[in-house]
Amino acid sequence: MSRILPTRPGTKPLDHSITTFDHVHLPPDALLGSFSKPKSERTEFLRQIWRVSVGTLSLSIMGISAIRVGTRIAAVYSERRTIAAADGRSTTPIMSFSTQQRPIVEGWVQGKVLTAFAHWTVNMCPDPTDATQHALATIFKATVIKAARLLGDLAERCGWQGLFAYNQISELALTFQGNCIAEGDTLVLCIRLVSELLGGKFRLPRPRNELTALAQCEQKLVEGLRARLVDIGGYGEHRGPAFDRHILPRCRPLVEAIGHRMAYEAAEHSGVAPDVLEL
Numbered sequence: 000m001s002r003i004l005p006t007r008p009g010t011k012p013l014d015h016s017i018t019t020f021d022h023v024h025l026p027p028d029a030l031l032g033s034f035s036k037p038k039s040e041r042t043e044f045l046r047q048i049w050r051v052s053v054g055t056l057s058l059s060i061m062g063i064s065a066i067r068v069g070t071r072i073a074a075v076y077s078e079r080r081t082i083a084a085a086d087g088r089s090t091t092p093i094m095s096f097s098t099q100q101r102p103i104v105e106g107w108v109q110g111k112v113l114t115a116f117a118h119w120t121v122n123m124c125p126d127p128t129d130a131t132q133h134a135l136a137t138i139f140k141a142t143v144i145k146a147a148r149l150l151g152d153l154a155e156r157c158g159w160q161g162l163f164a165y166n167q168i169s170e171l172a173l174t175f176q177g178n179c180i181a182e183g184d185t186l187v188l189c190i191r192l193v194s195e196l197l198g199g200k201f202r203l204p205r206p207r208n209e210l211t212a213l214a215q216c217e218q219k220l221v222e223g224l225r226a227r228l229v230d231i232g233g234y235g236e237h238r239g240p241a242f243d244r245h246i247l248p249r250c251r252p253l254v255e256a257i258g259h260r261m262a263y264e265a266a267e268h269s270g271v272a273p274d275v276l277e278l
């Protein structure tokens, strides 16, 4: 039986539905894969879900396009929209105000830096079954999702026009909102990543320059989590209530900090102008 799900607002995907089966008997050979027990259940699990990291990367890259398109729309609107000057005779584009410029400049910078970050991440992930590459895809996703929150500010800067579909910004934001849970809920992925990082299940690429402010911020967050982990009894307590209270709320901020450092390094390595990096 198939039941259609409610329509998602602001997006134009195919209709979603839930299909259920009742008393359908399948023979053993209908299973995909071997019957034998794997040597490492975790490695086998990652091998089975390798498409998730690919989907995480590809869907998140769409967020960069949304930021760039939204920034362009807001910039054109801000140049066209004018207000009366103090003399009452001339007009001034609202782009002349710093409050209008800030989100537009931020979107322009984010678009350039995240594009470089996307190229770097894709090149670092030739084997989707590798645990480290799963982690890099999660870091990229968390970083882009945080940056895409700018779309709300860009829509606001377009006034009432930002509320309508033809403006596109609000529609882009709603469309990309689905990426927060597509191919794995972002918060859950961040919790899993940090938990396994603290448990020594894999290692992430080291900072190119550990003296930069972003690298030092990341290091302080990692050291704080490791110290707290020792206080609550070590990694063996990672499913306990103390881990829930003291570690879980810090997982996403750490992943975002790692992503900011990696994005900066990727942009710097790809030749993005120093003035853009400074912004």
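Residues in the sequence shown are numbered consecutively from 0, following numbering that gives the first Met the number 0.
Where is the CB? At the ideal position from N, CA and C, for every residue including glycine.
{"Query": "Residue from Pro8, Ile246, Glu195, Thr18 with nearest C-alpha to threonine 131", "Result": "Glu195"}
{"Query": "Whether alanine 141 touches cysteine 124 by CB criterion (8 Å)", "Result": "no"}
{"Query": "Cβ shell of leucine 162 (< 8 Å), same chain only, five flanking positions each side left out", "Result": "Ala154, Ser169"}
{"Query": "Glycine 258 vs isoleucine 138 beta-carbon contact at 8 Å", "Result": "yes"}
{"Query": "Option nearest serine 59 by Cα separation, candidates Thr185, Ser97, Trp159, Ala73", "Result": "Thr185"}
{"Query": "Tryptophan 159, buried or exposed, once every other Cβ within 10 Å from all chains shown has been counted against 16", "Result": "exposed"}
{"Query": "Contacts around leucine 247, its chain only, beta-carbon distance under 6 Å, and the 5 residues preceding and following it disregarded", "Result": "Ile190"}
{"Query": "N- and C-terminal bounds of the beta strand (DSSP E) containing isoleucine 17", "Result": "16 to 18"}
{"Query": "Length of the line joining the Cα atoms of tyrosine 263 and leucine 149", "Result": "18 Å"}
{"Query": "Whole-number beta carbon distance between threonine 55 and glycine 110, since they are thought to touch under 8 Å", "Result": "Actually they are not in contact, since the Cβ atoms of glycine 110 and threonine 55 sit about 20 Å apart, beyond 8 Å."}
{"Query": "Alpha-carbon to alpha-carbon, leucine 192 and leucine 220", "Result": "14 Å"}
{"Query": "Alpha carbon of isoleucine 8 to alpha carbon of aspartate 126, nearest angstrom", "Result": "Before going further, note that residue 8 is proline rather than isoleucine in the sequence given. Those two C-alpha atoms are separated by around 36 Å."}
{"Query": "Coil, strand or helix - proline 92 by DSSP", "Result": "strand"}
{"Query": "Assumed close pair arginine 93, arginine 101 - CB separation to whole angstroms, cut-off 8 Å", "Result": "Before going on, a small fix: residue 93 reads as isoleucine here, not arginine. Actually they do not touch by this definition, with Cβ atoms about 13 Å apart."}
{"Query": "Any non-hydrogen atom of the ligand NAP closer than 7 Å to alanine 141 Cβ", "Result": "With respect to small molecules bound, the structure shown includes none, and the ligand NAP cannot be examined in it."}
{"Query": "Residue nearest to isoleucine 48 in terms of C-alpha spacing, selected from Pro26, Asp129, Phe116", "Result": "Asp129"}
{"Query": "Straight-line gap, arginine 227 to histidine 245 (C-alpha atoms, nearest Å)", "Result": "7 Å"}
{"Query": "Residue ranges of each beta strand (DSSP E) within the stretch 46 to 111, 3 or longer", "Result": "81 to 83, 90 to 92"}
{"Query": "Backbone secondary structure at serine 194 - three-state DSSP", "Result": "helix"}
{"Query": "Of the listed residues Ser52, Lys200, Pro252, Ile72, nearest to isoleucine 103 (C-alpha basis)", "Result": "Ile72"}
{"Query": "CA-to-CA distance, tryptophan 107 to aspartate 274, given in whole angstroms", "Result": "12 Å"}
{"Query": "Enclosing alpha helix (DSSP H) for serine 1 [first to last residue]", "Result": "Element bounds for serine 1: not the alpha helix (DSSP H) but the beta strand (DSSP E), 1 to 3."}
{"Query": "Cα-Cα separation, cysteine 216 to leucine 253", "Result": "9 Å"}
{"Query": "Close beta carbons around serine 16, own chain, < 7 Å, minus the five adjacent residues each side", "Result": "Ser1, Arg2, Ile3, Leu4"}
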